[in-house]
Amino acid sequence: GGVHLVTMARTGVGRFHLADFDTFETANVNRQYGARVSDLGKPKLDVMIDQAIKINPYLKIKPFPDGVNEANIDAFLDGVDVVLDGLDFFQFDIRRQLFNRAREKGVYVITAGPMGFSSAMLIFSPHDGMSFDEYFNIVEGMSPEDQYLAFALGLAPRATHIRYMDLAKVDFGSKAGPSLNIACQICAGMAATEAVRILLDRGKVKPVPYFFQFDPYSQKYHKGKLQLGNRNPIQKVKMRAAGFLLERNKPSFRRPAADVPRIAPGDQAVTKDKIRYLIEAGIQAPSGDNAQPWKFACHGDTIDLYLDKDADHSFFNVQQIASIISSGAVLENMWIAAGDLGLGAHIDYLPAGETADHMATLALRSDEPSVQKDPLSESLWQRNTNRTFYRHQSIPATVIDAIKASPSGFPKASLHIVTKKPDLRNLAKIVYQVDRIRTEYRPLHEHLCHMIRFTDAEAQEKKDGLPIKNLEAGLAGEIFLKATRPWPVMNMANKLGVGRMVALHAVGGMLSAPGAALLTVEGMRPRDFLVGGQALERIWLTISKTGLCMQPMTAVTLFRMRWVLEGKAGFSKPHRELLEAVWENYQELFPGVDMNKHGQVMLFRFGYGRAIKHGTHRKKMESFLNEG
Numbered sequence: 018g019g020v021h022l023v024t025m026a027r028t029g030v031g032r033f034h035l036a037d038f039d040t041f042e043t044a045n046v047n048r049q050y051g052a053r054v055s056d057l058g059k060p061k062l063d064v065m066i067d068q069a070i071k072i073n074p075y076l077k078i079k080p081f082p083d084g085v086n087e088a089n090i091d092a093f094l095d096g097v098d099v100v101l102d103g104l105d106f107f108q109f110d111i112r113r114q115l116f117n118r119a120r121e122k123g124v125y126v127i128t129a130g131p132m133g134f135s136s137a138m139l140i141f142s143p144h145d146g147m148s149f150d151e152y153f154n155i156v157e158g159m160s161p162e163d164q165y166l167a168f169a170l171g172l173a174p175r176a177t178h179i180r181y182m183d184l185a186k187v188d189f190g191s192k193a194g195p196s197l198n199i200a201c202q203i204c205a206g207m208a209a210t211e212a213v214r215i216l217l218d219r220g221k222v223k224p225v226p227y228f229f230q231f232d233p234y235s236q237k238y239h240k241g242k243l244q245l246g247n248r249n250p251i252q253k254v255k256m257r258a259a260g261f262l263l264e265r266n267k268p269s270f271r272r273p274a275a276d277v278p279r280i281a282p283g284d285q286a287v288t289k290d291k292i293r294y295l296i297e298a299g300i301q302a303p304s305g306d307n308a309q310p311w312k313f314a315c316h317g318d319t320i321d322l323y324l325d326k327d328a329d330h331s332f333f334n335v336q337q338i339a340s341i342i343s344s345g346a347v348l349e350n351m352w353i354a355a356g357d358l359g360l361g362a363h364i365d366y367l368p369a370g371e372t373a374d375h376m377a378t379l380a381l382r383s384d385e386p387s388v389q390k391d392p393l394s395e396s397l398w399q400r401n402t403n404r405t406f407y408r409h410q411s412i413p414a415t416v417i418d419a420i421k422a423s424p425s426g427f428p429k430a431s432l433h434i435v436t437k438k439p440d441l442r443n444l445a446k447i448v449y450q451v452d453r454i455r456t457e458y459r460p461l462h463e464h465l466c467h468m469i470r471f472t473d474a475e476a477q478e479k480k481d482g483l484p485i486k487n488l489e490a491g492l493a494g495e496i497f498l499k500a501t502r503p504w505p506v507m508n509m510a511n512k513l514g515v516g517r518m519v520a521l522h523a524v525g526g527m528l529s530a531p532g533a534a535l536l537t538v539e540g541m542r543p544r545d546f547l548v549g550g551q552a553l554e555r556i557w558l559t560i561s562k563t564g565l566c567m568q569p570m571t572a573v574t575l576f577r578m579r580w581v582l583e584g585k586a587g588f589s590k591p592h593r594e595l596l597e598a599v600w601e602n603y604q605e606l607f608p609g610v611d612m613n614k615h616g617q618v619m620l621f622r623f624g625y626g627r628a629i630k631h632g633t634h635r636k637k638m639e640s641f642l643n644e645g
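What follows is the structure in C-alpha cells.
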C-alpha cells in the first residue's frame with residue numbers, strides 16, 4: 018500500500034482515503050516503502066502520510082487508523098473513485114467485503130498482487146464484468162485455505178512464478194508466503210497506470226474476467242480473458258494441481274502462532290488476552306523429550322513461572338537441570354513476546370530462593386517508553402528441533418558472527434562454536450560413545466519409549482512427548498524402535514551389537530552438520546541454568562531466523578552434569594570407563610571450558626537442511642495454569 022500511495026502522489030493525485038492499523042516491523046523492510054530502521058514500531062499510517070505530504074504538501078488525506086473494517090467501510094468508500102488494494106494476502110474476509118461493497122457503491126477496485134518477481138493485476142468495475150464472488154467462485158462453506166487458493170489462482174491464471182518459487186515457503190495454514198520489493202514496485206506501476214486510465218477516462222478499461230501478469234524474471238507478459246473465472250474447467254484443474262503441489266511441498270506440521278491481541282493506539286493496559294498471549298508464546302519453548310515441565314500463575318500484571326518436577330524424572334534430568342534450562346527458555350519467549358504488545362518486562366529470578374519450585378516472576382510494565390518489537394518474535398512460532406541430515410554446505414562468516422553475538426545480553430553465558438572438520442569428526446565420536454549408553458541403560462531406554470508417541474492418535478491425544486516421525490529415523494528406524502520397545506528385546510539387540518544403530522544415526526547427523534556449539538554458564542546454581550536457558554533460546558531463535566536448522570545433542574552435557582554433581586555412582590562400571598575416556602577428548606575440544614565449574618547448558622549441531630514434516634505438539638495453555 019505504501020508504494021501505491023507514493024506512486025499516485027508523484028503522479029499528481031491529490032485526494033486520498035488511507036487505511037492502516039498496523040505498525041512497521043523488521044519483517045516489512047524487504048518490501049514496504051516506509052519500513053526503515055528509524056520508523057520501526059511507528060504506525061504505518063502516520064509514517065506514510067508524512068512521506069506523502071513531503072512529496073506534495075497540498076494533499077488532502079482522510080486517515081482511517083483502525084484500518085478498513087465492517088463499521089467504517091462505507092465511510093472509507095464515500096467519495097472515492099478508485100480503490101487500490103494493498104491488503105495483506107491473507108485478509109480475505111475484509112477484502113471480499115470491500116470489493117463487494119465498492120461494486121454496490123459504484124467504485125472501481127484494482128488489485129495487483131506480488132507473485133515472486135511478478136505482478137498479477139485484476140480490475141473490478143462497478144458497471145461491467147464479474148463481481149468478486151463470481152470471478153473467484155466464492156461459495157458458502159469454503160475453508161480459509163480454499164479461499165486463499167481461489168484468490169491466488171484467480172489473481173494469476175498464468176502463474177509464471179510457480180516455476181521458480183520455493184513452494185515450501187508457502188503455507189496457507191499458518192498464513193506464510195514469500196514476498197519481494199521488486200514485485201511490489203511492479204504492482205504499483207501497473208495499478209497506478211490503470212488508476213490514471215480510470216480517473217482521466219483515457220481508454221477502455223478491461224475488468225475481470227480479463228487478467229494481466231508481467232514477470233521480468235521469466236521475461237514474460239501475459240494478458241487474457243478467463244471465461245467464467247475460477248469456474249472455468251481448466252482453472253479448476255489448475256486449482257487441484259496447485260493444491261496438490263502446496264500440500265506436497267509444505268511441512269506437514271506447524272504449530273500455529275497465537276493471534277496478537279489487537280491494541281488500540283495508546284492502550285497498553287495489561288489484559289487477560291495479553292497475559293494469555295504471553296503464556297502461549299512461553300510454552301513454545303523446548304523441553305527435554307517435550308515433557309513441558311511448567312506451571313503458571315497470573316496475578317494482575319505479573320506472571321509467575323513454576324517448575325513442574327513431576328513432568329520429568331528421567332536419568333537425564335539430574336537435579337531438574339534440564340527442566341530449569343527449559344524454564345529459562347520460557348522466560349525468554351515471554352520477554353520477547355511482551356514487545357509485540359508494547360509492554361516492558363522485568364524478571365525476578367527465583368524469588369523464593371534457589372531450592373524452590375518458583376522459577377521467576379515476570380512483571381509487565383505498561384508505562385515503559387519506547388518498547389520495540391524484538392526481531393526474533395516471529396521465530397518463536399517457527400523454532401523447532403530438526404533431526405534430519407543437513408546439507409554439506411558451509412555457513413557464511415556473517416551468519417556465524419550473528420549466532421556468536423546472539424547471547425551477548427547474558428554476559429555469564431559463553432558459546433563455543435566448532436566448525437573445523439577434524440573437530441566435528443571428533444565430536445561425532447564422542448556423541449557415538451555417549452549415545453550408546455542411551456540404549457544400554459534400561460531406565461534411559463524405558464524413559465525414551467515412554468516419551469515416544471508411536472501413533473498419530475496418541476500424539477494428538479497427549480500433546481507432549483515425541484511423535485515417532487519427529488525422530489526422523491526413517492521406516493527402518495521406526496520399525497526398530499517399535500520392535501525394541503520391550504527392554505528384553507532391546508537388551509538382546511545390545512548384546513548382538515544391533516542396538517548401536519541408534520548411536521550410529523546420531524553420528525551421521527553430526528557428520529552432516531557444518532557446525533556445532535556448546536553453551537556454558539559460569540556456575541551450576543539453578544539461577545545459572547535459568548539464565549543459560551534464556552541465552553539458549555536466543556541462540557536457537559537466531560539460528561531459526563537465519564534459515565538454519567538445529568538439533569540438541571543433550572546426552573553429552575546432561576551426563577557430564579550428573580558426573581560432576583552426583584559422581585560416578587549413577588553409571589555402571591563399563592559406562593564409567595567409557596565416559597572417563599570421553600571426558601578427556603571432550604575437554605580437548607573445548608579447552609576454554611572448566612568442565613568441573615562451568616554449567617553445561619547444551620551441545621547442539623546446526624546447518625542447512627530440509628524443513629521437518631513432523632514436529633512436536635503443545636498441550637493446551639489452560640493445562641499449565643495453577644488453580645486460583
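Residue numbers (my numbering): 18 to 645. C-beta atoms are modelled at their ideal positions from N, C-alpha and C, and glycine is treated no differently.
As an exercise, report each continuous beta strand (DSSP E) stretch of at least 3 residues that is fully enclosed by the stretch 500-564, in chain order. Here the runs fully enclosed are 532-538.
Top-ranked residue by Cα proximity to M567, from F261, T402, P608: Along the sequence shown, read from residue 1 onward, the residue named residue 567 stands at position 550. Of the candidates F261, T402, P608, the one whose C-alpha sits nearest the C-alpha of M567 is T402.
Flag this pair as yes or no: are the beta carbons of I140 and I127 separated by less than 8 angstroms? Position 123 of the sequence shown holds residue 140. Position 110 of the sequence shown holds residue 127. Cβ distance < 8 angstroms, so I140 and I127 count as in contact.
Do I556 and L536 have their C-beta atoms within less than 8 angstroms of each other? The residue given as residue 556 occupies position 539 in the sequence shown. The residue given as residue 536 occupies position 519 in the sequence shown. The answer is yes: Cβ separation under 8 angstroms.
Rank Q301, H316, K59, S383 by C-alpha distance to the C-alpha of A346 and give the top, closest one. If you number the sequence shown from 1, residue 346 lands on position 329. Nearest to A346 by alpha-carbon distance, out of Q301, H316, K59, S383, is Q301.
Would you say V599 and I447 are within 8 angstroms of each other, going by their C-beta atoms? Taking the sequence shown and counting its residues from 1, the one referred to as residue 599 is at position 582. Taking the sequence shown and counting its residues from 1, the one referred to as residue 447 is at position 430. In this structure, I447 lies closer than 8 angstroms to V599 by Cβ.
Taking three-plus beta-carbon pairs below 8 angstroms as touching, is the stretch 395-412 in contact with the stretch 616-625? In this structure the stretch 395-412 touches the stretch 616-625; the number of beta carbon pairs closer than 8 angstroms is three or more.
G260 by DSSP, collapsed to three states: which one? Locating residue 260 in the sequence shown gives position 243, counting from the first residue. G260 sits in a helix when the DSSP states are folded into three classes.
Contained beta strand (DSSP E) runs [length at least 3] in the stretch 78-149, N- to C-terminal order: Taking only runs of at least 3 residues, the beta strand (DSSP E) segments lying wholly in the stretch 78-149 are 99-102, 125-132, 135-141.
Quick check: what's the CA-CA separation for C204 versus A339? As a first step, residue 204 must be located in the sequence shown, where it is residue number 187. As a first step, residue 339 must be located in the sequence shown, where it is residue number 322. The C-alpha of A339 is placed about 51 angstroms away from the C-alpha of C204.
With a 10 Å radius around its C-beta and 16 neighbouring C-beta atoms as the bar for buried, classify M509 as buried or exposed. Taking the sequence shown and counting its residues from 1, the one referred to as residue 509 is at position 492. The residue in question, M509, is exposed, as its Cβ has fewer than 16 Cβ neighbours within 10 Å.
Determine the burial state of Q309: buried for a count of at least 16 other Cβ atoms within 10 Å of its Cβ, exposed for fewer. By 1-based counting over the sequence shown, the position of residue 309 is 292. When all chains shown are included, Q309 counts as buried.
For F333, tell me which candidate among T405, Y234, E463 has the shortest Cα-Cα distance. Reading the sequence shown from its first residue, position 316 is the one you call residue 333. Here the closest residue by C-alpha is E463.
Only counting the same chain, and skipping five residues up and downstream in sequence, which positions put a Cβ closer than 7 angstroms to that of E87? The residue you call residue 87 lines up with position 70 of the sequence shown. So the qualifying residues of the chain are Q114.
DSSP three-state call for H464: helix, strand or coil? What you label residue 464 is simply residue 447 of the sequence shown in a count that begins at 1. In the three-state scheme derived from DSSP, where H, G and I count as helix and E and B as strand, H464 is classed as helix.
Tell whether a beta-carbon distance below 8 angstroms holds between A454 and H330. To locate residue 454, count along the sequence shown from 1; it is residue 437. To locate residue 330, count along the sequence shown from 1; it is residue 313. The identity of residue 454 in the sequence shown is Ile, whereas the question assumes Ala. No, these two residues do not count as a Cβ contact at 8 angstroms.
If I'm right that G171 touches N117 with Cβ under 8 angstroms, what's the distance once you round it to whole angstroms? Reading the sequence shown from its first residue, position 154 is the one you call residue 171. Reading the sequence shown from its first residue, position 100 is the one you call residue 117. About 15 angstroms separates the two Cβ atoms, so there is no contact after all.
Judging by CA-CA distance, which residue of N443, R219, A119 is the nearest neighbour of A530? If you number the sequence shown from 1, residue 530 lands on position 513. Residue N443 is the option with its Cα nearest to A530.
Residues in the same chain with beta-carbon distance under 7 angstroms from G84, minus the five sequence neighbours each way, listed in chain order, please. In the sequence shown, counting from the first residue as 1, residue 84 sits at position 67. Only A36, D37, F38 meet the Cβ criterion.
Between the C-alpha atoms of V538 and F33, what's the straight-line distance to the nearest angstrom? Position 521 of the sequence shown, counted from the start, is the residue given in the question as residue 538. Position 16 of the sequence shown, counted from the start, is the residue given in the question as residue 33. If I take the Cα positions, the gap works out to 56 angstroms.
Stretch-stretch touch, CB-based, cutoff 8 angstroms, three pairs: the stretch 232-248 with the stretch 178-195: Verdict: yes, contact present.
Under the three-state reduction of DSSP, which class applies to Q49: helix, strand or coil? Position 32 of the sequence shown holds residue 49. The answer is coil: DSSP assigns Q49 none of H, G, I, E or B.
Can you tell me the Cα-Cα spacing of V451 and M578, whole angstroms? Numbered from 1 along the sequence shown, position 434 holds the residue referred to as residue 451. Numbered from 1 along the sequence shown, position 561 holds the residue referred to as residue 578. M578 has its alpha-carbon roughly 13 angstroms from the corresponding atom of V451.
For my contact list, A200 and F134 are in at a C-beta cut-off of 8 angstroms; report their separation, rounded to the angstrom. Here residue 200 refers to the residue found at position 183 when the sequence shown is read from its first residue. Here residue 134 refers to the residue found at position 117 when the sequence shown is read from its first residue. Contact between A200 and F134 holds, since their C-beta atoms are separated by about 6 angstroms, short of 8 angstroms.
Counting only runs of 3+ residues fully inside the stretch 193-256, write out the beta strand (DSSP E) ranges in chain order. Complete beta strand (DSSP E) runs here, min 3: 227-232, 237-242.
Determine the contact status of M527 and R293, defining contact as a CB-CB distance below 8 angstroms. Residue 527 sits at position 510 when you count from the first residue of the sequence shown. Residue 293 sits at position 276 when you count from the first residue of the sequence shown. For the 8 angstroms CB-CB criterion, M527 and R293 do not form a contact.
When you compare each of Q252, G194, K61 to F153 by their alpha carbons, which one comes out closest? Looking up residue 153 in the sequence shown gives position 136. Comparing Cα-Cα distances from F153 to each of Q252, G194, K61, the minimum goes to Q252.
Nearest neighbour of K312, chosen from G616, L348, L553, V287 [CA to CA]: Sequence index remark: in the sequence shown, residue 312 carries index 295 (1-based). Residue nearest to K312 within the set G616, L348, L553, V287 is L348 (criterion: CA-CA distance).
Can you tell me the Cα-Cα spacing of P60 and L22, whole angstroms? For this step, residue 60 is matched to residue 43 along the sequence shown. For this step, residue 22 is matched to residue 5 along the sequence shown. P60 and L22: Cα-Cα distance of roughly 15 angstroms.
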